[in-house]
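Below you'll find the structure, written out as structure tokens, and then a few comments.
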Amino acid sequence: MSVTRHMVARGRVQGVGYRAFVSDEAQMRRIEGWVRNRRDGTVEAVFSGPVEIVEGMIAACRKGPWGSMVAGIDLREATADELALRRGGEDFSVLPTV
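Under the working numbering, the first residue of the sequence shown carries the number 1015, and numbering increases by one thereafter.
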């Protein structure tokens, strides 16, 4: 069973390699989607794949890389249109800040 989740991470998640961490983890887990910084200081991501793998990805995001401090994560179901924001030809993309 596959799921597609939208995540917003709050806390010290910019300037600490959080996006690179998310991208590396997602590619290692073979998850589709994307990650990007937001101007409000949060990091936004969409993950799509088998439910157990996506749940593991979200658990990893709750911890984050060394130097980060994740204060909270907001989750909801993501839409196909949101997943389609990734770059063509890439399974997982790091997108520009919005």
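Every residue gets a Cβ at the ideal spot worked out from N, C-alpha and C, and that includes glycine.
May I have the straight-line CA-CA distance separating D1095 from R1043, to the nearest angstrom?
Within the sequence shown, numbered from 1, the residue matching residue 1095 stands at position 81. Within the sequence shown, numbered from 1, the residue matching residue 1043 stands at position 29. So the two alpha carbons sit approximately 22 Å from each other.
Measure the C-alpha to C-alpha separation of A1023 and A1040 and round it to an integer number of angstroms.
Here residue 1023 refers to the residue found at position 9 when the sequence shown is read from its first residue. Here residue 1040 refers to the residue found at position 26 when the sequence shown is read from its first residue. Going by the C-alpha atoms only, they are around 15 Å apart.
Could you name the residues of the same chain whose beta carbon sits closer than 8 Å to that of I1087, not counting the 5 residues immediately before and after it, in chain order?
Taking the sequence shown and counting its residues from 1, one reaches residue 1087 at position 73. Here the set comprises M1021, V1022, A1023, R1024, I1072, C1075, R1076.
Apart from the five residues just before and just after R1033, which ones in its own chain have a Cβ nearer than 8 Å to its Cβ?
Taking the first residue of the sequence shown as 1, we reach residue 1033 at position 19. The answer, listed in chain order, is V1049, R1050, N1051, V1057, V1108.
Kindly indicate which three-state DSSP category A1040 falls into: helix, strand or coil?
What you label residue 1040 is simply residue 26 of the sequence shown in a count that begins at 1. Here A1040 sits in helix by DSSP.
Just to confirm, are I1047 and R1100 a CB contact at a threshold of 8 Å?
The sequence position of residue 1047 within the sequence shown is 33, counting from 1. The sequence position of residue 1100 within the sequence shown is 86, counting from 1. Reading the sequence as shown, one finds Gly at residue 1047 and not Ile. Result yes, Cβ atoms of G1047 and R1100 sit closer than 8 Å.
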